[in-house]
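**Student:** I'd like to ask you about the structure that follows.
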Amino acid sequence: MPKNSSFPSASKDEGNSRSTVDRREAIKVLAAGTSTFFPLSQLAHSRVVTPVPVDGWVPHFFTKQQDKIVTAIAELILPETDTPGAKTAQVNRHIDLVLSDETEKVQRGFLEGLAWLEERSRDLFDAGFLEATEAQQTELLTEISKPSKDGHNLEHLFFLDIKERTVFAYYTSQIGIHQELEYKGKTPVPKWNGCTHPEHQNLTSQKNTQGVESE
Amino acid sequence: MSRKTYDVLIVGSGASGGIAAKVLTECGLDTLLLEAGPSISRSDYLTHSFPYDFPFRGRGSPSKIRKDGARAARENTPVKGWYAELSENPYITPPNNPFDWQYRSRILGGRTLHWGRQSLRFADYDFKPASIDGQGIDWPFGYEELEPYYDKVEDYIGVQGFYENLPQIPDGKFQPAFAYNCYEHLMSKAAIKMGRRLTALRIAQLSRPHRGRPACHCCGSCGSGCDIDAFFTTPAVTLPDAMATGNLTLQTDAVVRHVMVNDEARATGVGYFNRLTKSYKEAFAKVVVLAGSTLESTRIMLNSTSRHFSTGLANSSGVLGHYLMDHTEPGTVWATLPELTGGAILNEDGKSNGSYIPRWHNLANEKPHPDFLRGYGIMVKGGAQIYPGHANKIEGFGAGYKRRVKDFHPAIIRVYPRGEALPNHDSFVEIDKNVVDAWGIPVLRINYARTDNDFKMAKQAMEDVFELVDHAGAEILHVNDKLAEPGNVAHEMGTARMGQNPRTSVLNGYNQAHDIDNLLVVDGAGFPSSSCQNPTLTFMAVAWRASEHLVERLKRGEL
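Top to bottom, those sequences are chains V and S.
Quick note: the first sequence uses our numbering, first residue 5, plus one each step.
Quick note: the second sequence uses our numbering, first residue -9, plus one each step.
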């Protein structure tokens, strides 16, 4: 099958979509450990009146607080360096849009992951995630960025989920494509020259190729 | 109302149906071409769009993905039927035995609108597998009989490639191949160290102007459709030629339900539904040619039950629906080439093609592999693409992580084998009468069955991939060593196979049904074995040959 990969898709080229589903479904089990502290009624979408940002964008799915946490996590995953990071690329908006259209199960799993993170931050640092220092936030993300020995700890699955959403949103944004990864395609090329580096050339690959133009 | 009877009626406007339409109309036959999907024009293509041009970045909304499947949901191909929508075109698989049928299309041109364009000839030995290793049946004709048709198809559609003089991938009529990207030079050196030869994938994508079509301008957006017709599609090439004869009547939005037969058990035409109004209609012809793609052609035949054919059309052999094959994909290794890591990011996407190590196991005059029959080729792809598929395969996060994603971006290779699937009677499709599509037509239940050979071949294939990657000095980033889900490679073949023996095959050597001489099936359904090479070029060569033979018979008044 032609894996025409010029576009990101949910095909296997961009990761195993089935394991993603499993992971997202698994995250719902996180509720078992956290629902005491975060009843679903509070986790679920409770829109409060929020100050409207300059361009009028408001989250569809997240609360303002959740949106801030997601923005902060995304920026920790893909921070501003010599190019803008996830925050400037408005990764949070894309994650919000996609989640707003997901099944309730997926939505709940994600919110419970966020809630677990907030609770864990309070346990460790005596401060919510947004109030923790960047070093503390990094420490917490580092903790869940690694699989446990059995490889299936749910916090880690949540990390992989939000990382995957962040990575997709960032590298499909104008910033990700043009500034960070300097994409040069989707432009008509007068003549295709291929690799012109002498050190890479394999001359034998040019032999035995009657009808082929040499470079 | 007068009832018009065409000379020939073709079902399906993909690669095979398009070739049949061209050949038959150019030979003067009054031809009706029915396509289940809508028409399309180049102005519908979103060729140069970027992911951020779409709300869901090209991927499609989760609800659309749930409803119609991940492929049909894609936003860069917004024309209905580009990929068939699952909600309208459901199918059934048994529990725990999935089959991925999302790649199919229901649109004028079918899968040619977005195919990978890889155009390798089958080898001489691919046509006589049973004679070589005893498994399956031989084709009713050999390579030498198909060779002139391969020549015609390549000359007609335009294929670029290297001449290699390798019996596994017979040379043909090629345009010059595009120059290699960096990684391809490096991987060709690695292949030599391994004692193998890497070549550019032969591809139906013009490197020079050809028959009124321009050369590819290397924009690298082939999956969204080619807005200059540089890659072969039915609407760009075969259909205009068929139209120009004045002998073609094209009817889109015609969802065929069944083939009609008369009291003499001969085909008289087809019954179909208008896709939009869902009204039922019939069309009549002296000859019916099915080219709806492997499984749709077989589905039509299985749904065409009658007094003469209670278990499906032309099924006196009982093998209709059986021997479904899809190429195996044993896994993928993602790795990075140290020479390119951290280097400049070039426009490598524009070539829109990869390279290939042809099969080398179980060739003639060589010692057979102790564990498996047949063989596989290895696809080598890489270079900087628009989306860094490796990003989720790198652990960690933060500035260092972001740097690694970028450093690896020009250095990535993806290496995956593609293997031949053996014909297997237990791998079959049948009609599920309890489930119907949007037009009330009963759908397929697809019961794919792997063979032990698939697993044994996969094991060796992955070992070979690791060896190749090792010779390249590449660092492995990610390994997926699970056989891809059946159907995922989207090279469906079999289910109405050709053969000499009417008791064990559905079609004869000219794609005519043994039971009904005015019924032909000219797509992949007729393939008795699958080779390990991408099949579309062979679909077209076989369709061309069958069509020429049909013309001869009609001219002799035999049908």
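Quick reminder that beta carbons are idealized off the backbone N, C-alpha and C, glycines included.
How about C208(S): is its C-beta nearer than 8 Å to some C-beta of chain C?
**Tutor:** This model lacks chain C altogether, as its protein chains are V and S.
**Student:** Using a Cβ cut-off of 7 Å, pull out every chain S residue sitting near S177(V), in sequence order please.
**Tutor:** Within chain S, the C-beta atoms nearer than 7 Å to that of S177(V) come from Y42, in chain order.
**Student:** Could you pull out every unbroken beta strand (DSSP E) segment of at least 3 residues lying fully inside the stretch 302 to 377 of chain S, listed in chain order?
**Tutor:** 322 to 326, 345 to 347 and 366 to 372
**Student:** Does C172(S) get closer than 8 Å to chain V when you measure Cβ to Cβ?
**Tutor:** Look at C172(S): its C-beta is under 8 Å from a C-beta on chain V.
**Student:** Identify whether N470(S) lies in helix, strand or coil by the three-state DSSP scheme.
**Tutor:** strand
**Student:** Rounded to the nearest angstrom, what separates V1(S) and Y270(S) at their Cα positions?
**Tutor:** 16 Å
**Student:** Give the C-beta separation of V419(S) and L280(S) to the nearest angstrom, bearing in mind that I take them to be a contact with Cβ-Cβ under 8 Å.
**Tutor:** With a Cβ gap of about 15 Å, V419(S) and L280(S) do not count as contacting.
**Student:** Please give the ranges of any beta strand (DSSP E) in the stretch 379 to 410 of chain S, keeping only runs that are unbroken, at least 3 residues long and fully inside the region.
**Tutor:** You should have 402 to 409.
**Student:** So, are the CB atoms of L196(S) and A531(S) less than 8 Å apart?
**Tutor:** no
**Student:** Within 8 Å of any Cβ in chain V, is that where the Cβ of F131(S) sits?
**Tutor:** no
**Student:** Entirely within the stretch 426 to 504 of chain S and at least 4 residues each: give me those alpha helix (DSSP H) ranges in chain order.
**Tutor:** 442 to 461
**Student:** From what residue to what residue does the beta strand (DSSP E) around K271(S) run?
**Tutor:** Y270 to L280
**Student:** Enumerate, from N- to C-terminal direction, the unbroken alpha helix (DSSP H) stretches of 4 or more residues contained entirely within the stretch 170 to 219 of chain S.
**Tutor:** 172 to 183
**Student:** Find the residues of chain S that neighbour S125(V), judging by a C-beta separation of less than 8 Å, and give them in chain order.
**Tutor:** For S125(V), there are no neighbours in chain S by C-beta distance under 8 Å, as the nearest C-beta there is about 16 Å away.
**Student:** Taking a contact to mean a Cβ-Cβ separation below 8 Å, would you say W196(V) touches K276(S) in this structure?
**Tutor:** Contact flag unset, no.
**Student:** Please go through the stretch 18 to 43 of chain S and give each complete beta strand (DSSP E) segment of 3 or more residues, from N-terminal end onward.
**Tutor:** 21 to 24
**Student:** Give me the chain S residues within the contact set of E106(V), using Cβ-Cβ distance strictly less than 7 Å, ordered along the chain.
**Tutor:** P52
**Student:** Within 10 angstroms of the Cβ of N8(V), are there 16 or more other Cβ atoms? Answer buried if so, exposed if not.
**Tutor:** Because the pLDDT at N8(V) is just 44, under 50, the model does not fix this residue reliably, and the point stays unresolved.
**Student:** Check G261(S) in the structure and name its three-state DSSP category.
**Tutor:** strand
**Student:** Can you give the Cα-Cα distance for D145(S) and Y139(S), rounded to whole angstroms?
**Tutor:** 10 Å
**Student:** When Cβ atoms are compared, which residues of the stretch 153 to 181 of chain S fall closer than 7 Å to chain V?
**Tutor:** Y153, E154, N155, F164, P166, A167, F168, A169, Y170, N171, C172, H175, L176, S178 and K179
**Student:** By the three-class DSSP mapping on this structure, what secondary structure does Y73(S) have?
**Tutor:** coil
**Student:** Assuming A171(S) contacts G373(S) under a Cβ cut-off of 8 Å, what Cβ separation, rounded to an integer in Å, is found between them?
**Tutor:** Sequence check: residue 171(S) is Asn here, not Ala. Yes, N171(S) and G373(S) are in contact; Cβ-Cβ is about 5 Å, under 8 Å.
**Student:** Quick check on this structure: which residue in E385(S), G547(S), D123(S) and G311(S) has the alpha carbon closest to the alpha carbon of P358(S)?
**Tutor:** D123(S)
**Student:** Please list, in chain order, the chain V residues whose beta carbon lies closer than 8 Å to that of P45(S).
**Tutor:** L101
**Student:** With DSSP as the reference, please indicate the residues paired to Y(-4)(S) in a beta bridge.
**Tutor:** A275(S)
**Student:** Helix, strand or coil for Q523(S), going by three-state DSSP, please let me know.
**Tutor:** coil
**Student:** Just the chain S side, please: which residues come within less than 7 Å of N206(V) by C-beta, in chain order?
**Tutor:** H175, S178 and K179
**Student:** Using the C-alpha atoms, what's the distance from R364(S) back to M447(S)?
**Tutor:** 8 Å
**Student:** Measuring only the C-alpha atoms, how far is V(-2)(S) from G48(S)?
**Tutor:** Answer to the nearest angstrom: the Cα atoms are 40 Å apart.
**Student:** Buried or exposed: where does W61(V) fall if 16 or more other Cβ atoms within 10 Å of its Cβ makes it buried?
**Tutor:** exposed
**Student:** Apart from the five residues on each side of it in sequence, which residues of its chain come closer than 7 Å, Cβ to Cβ, to L238(S)?
**Tutor:** A11, T15, T21, L23 and A232
**Student:** Who does A244(S) pair with in a DSSP beta bridge?
**Tutor:** Looking at the DSSP assignment, A244(S) forms a beta bridge with N264(S).
**Student:** Is there at least one Cβ from chain S nearer than 8 Å to W61(V)'s Cβ?
**Tutor:** No, no contact with chain S.
**Student:** For chain S, find out if any of its Cβ atoms is closer than 8 Å to the Cβ of G198(V); answer yes or no.
**Tutor:** yes
**Student:** Closest Cβ-Cβ distance between L80(V) and chain S: below 8 Å?
**Tutor:** Put simply, the CB of L80(V) is near chain S, with a gap under 8 Å to one of its CB atoms.
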